[in-house]
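Here the structure comes first, spelled out in structure tokens, and everything after it is commentary.
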Amino acid sequence: MKILGIETSCDETAAAIVEDGRKILSNVVVSQIDIFAEYGGVIPEVAARSHLEAILPVIDKALKDASCTWDDIDAIAVTYAPGLLGSLLIGTLTARTLAILHEKPLYAVHHLKSHVYANWILGDQNSTCPEFPILALVVSGGHTQILYMPFHNQFEIIGTTRDDAVGECFDKVAKILGLPYPGGPAIAKAAEDETHPGDPNRYILPHPKIDGLNFSFSGLKTAVLRTVQKEVGVPISYPSYKLKELLSKEQVCDFAASFQKTVVDILCEKIRKAQIEYPDVKGIVVAGGVSANKALRKALPEAYYPELKLSGDNGAMVAAACFFEIESGVKPTDPYKLNIYPRISIED
Ligand code: KG4
Ligand code: ZN
559 MKILGIETSC DETAAAIVED GRKILSNVVV SQIDIFAEYG GVIPEVAARS
609 HLEAILPVID KALKDASCTW DDIDAIAVTY APGLLGSLLI GTLTARTLAI
659 LHEKPLYAVH HLKSHVYANW ILGDQNSTCP EFPILALVVS GGHTQILYMP
709 FHNQFEIIGT TRDDAVGECF DKVAKILGLP YPGGPAIAKA AEDETHPGDP
759 NRYILPHPKI DGLNFSFSGL KTAVLRTVQK EVGVPISYPS YKLKELLSKE
809 QVCDFAASFQ KTVVDILCEK IRKAQIEYPD VKGIVVAGGV SANKALRKAL
859 PEAYYPELKL SGDNGAMVAA ACFFEIESGV KPTDPYKLNI YPRISIED
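This is how it looks when you write it as structure tokens:
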């Protein structure tokens, strides 16, 4: 079964064709990172406009790269939630129109589910499948959750962030340090700088005191801000956007490494705790943009990770998630009625 997956929930316009949920036939991602690096973050209206320009050529290329015509496509899958309203609209309106035009069944897929299913896609490292029950650590720009997954397409949220998402925290701390958007890769790079590898033990940052399997990252961001202010000798009223001018390269690398280590420690602590609370768990999968982080991959080596090119937003994971939804008995959605939900939970 060949599924065309379409993803436009944030700032990547992506389409891919995946066979039987695991084999990539094509995977096209057009990123808007270059546009938003200039602004230090995503501007929703600009993202929606860029999706509109890119979406049809991206889908066309996905078909061409896979040597497929519309006759070869068995179903269309599209991200309908959560994400930026305008961005989700462009993807779903395109998918709905194509489903009607080419008379294909249409499936609406939740974005976090897609990130989780990136772990089932075959690649150079991924040849085996994780065994159920599974714990899924979802770490993206908008979400930080631990999901208990007893079987395909069944998700229970057992831990979630009370405030910022972990990727968001990387992005905000990068801004304080004067590193570019997106912050995650920039912090990881500074932490491993060739001329000055960051010292992860130079700055001691606090772990949030939060019960159970939940997370909190806004306090950590503030702790970095206060520690930077103290380090460069300015009062707490000093504007955060001016701090970068006072930091040396060594200090930036050491802050990046210390922050990254703290985040990785927090994530690992909670996963270990979840393993104790759910002793029947046989596998761990890590999903979402932050799953690309090398320090995290090193600290939690027993977990499954998507191929690096599939850890960020892409269409292949949407097609993969759709395949396992169909296998689980999910029925297609009405292309005349499909709605978008910018904030809906994976459990709904
Ligand atoms: O999943 P994703 O591509 O988009 C959302 O669904 O949110 O995640 C994007 C997030 C950004 O916050 C970015 O800074 C972070 O993933 N990220 C990383 C790394 N690569 C991307 N964070 C830490 N280390 C990385 N290597
Ligand atoms: Zn994502």
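Using our numbering, read the sequence shown as starting at 559 and increasing by one per residue.
Every residue gets a Cβ at the ideal spot worked out from N, C-alpha and C, and that includes glycine.
Report the rounded CA-to-CA distance for residue i versus residue j, giving the unit in angstroms.
i	j	result
Leu858	Leu659	46 Å
Pro688	Cys727	29 Å
Leu664	Ile884	11 Å
Asp871	Glu570	6 Å
Glu661	Ile631	10 Å
Leu656	Lys802	48 Å
Phe773	Arg855	19 Å
Arg654	Pro893	5 Å
Lys560	Ser625	12 Å
Thr820	His754	19 Å
Suppose contacts are defined by Cβ-Cβ distances below 8 Å. Is residue i in contact with residue j by that definition?
i	j	result
Thr566	Gly700	no
Glu860	Gln683	no
Leu783	Ile734	yes
Ala573	Leu583	no
Asp757	Asp812	yes
Lys788	Asp722	no
Ala676	Ser869	yes
Gly846	Tyr862	no
Leu771	Lys831	yes
Ile768	Thr652	no
Quick one: measure Cβ to Cβ for residue i and residue j, integer angstroms, because I've assumed they're closer than 8 Å.
i	j	result
Pro615	Ser645	Contact flag wrong, Cβ pair sits at about 17 Å.
Ile679	Leu693	At roughly 19 Å, the Cβ-Cβ gap does not stay under 8 Å, so Ile679 and Leu693 are not in contact.
Val724	Val600	About 17 Å; that fails the 8 Å criterion.
Leu695	Val844	5 Å
Val604	Ala874	Contact flag wrong, Cβ pair sits at about 25 Å.
Val786	Ala635	About 43 Å; that fails the 8 Å criterion.
Ala853	Ala781	With 8 Å as the limit, Ala853 and Ala781 do not qualify as a contact, their Cβ atoms being about 19 Å apart.
Val731	Gly741	6 Å
Val810	Ala748	6 Å
In three-state terms, what does DSSP make of residue i?
i	result
Ser849	helix
Leu705	strand
Ser806	coil
Ser584	strand
Tyr799	helix
Phe773	strand
Ser589	strand
Ala639	strand
Ala877	helix
Val792	coil
Thr718	strand
Lys889	coil
Tyr665	strand
Glu905	coil
Lys747	helix
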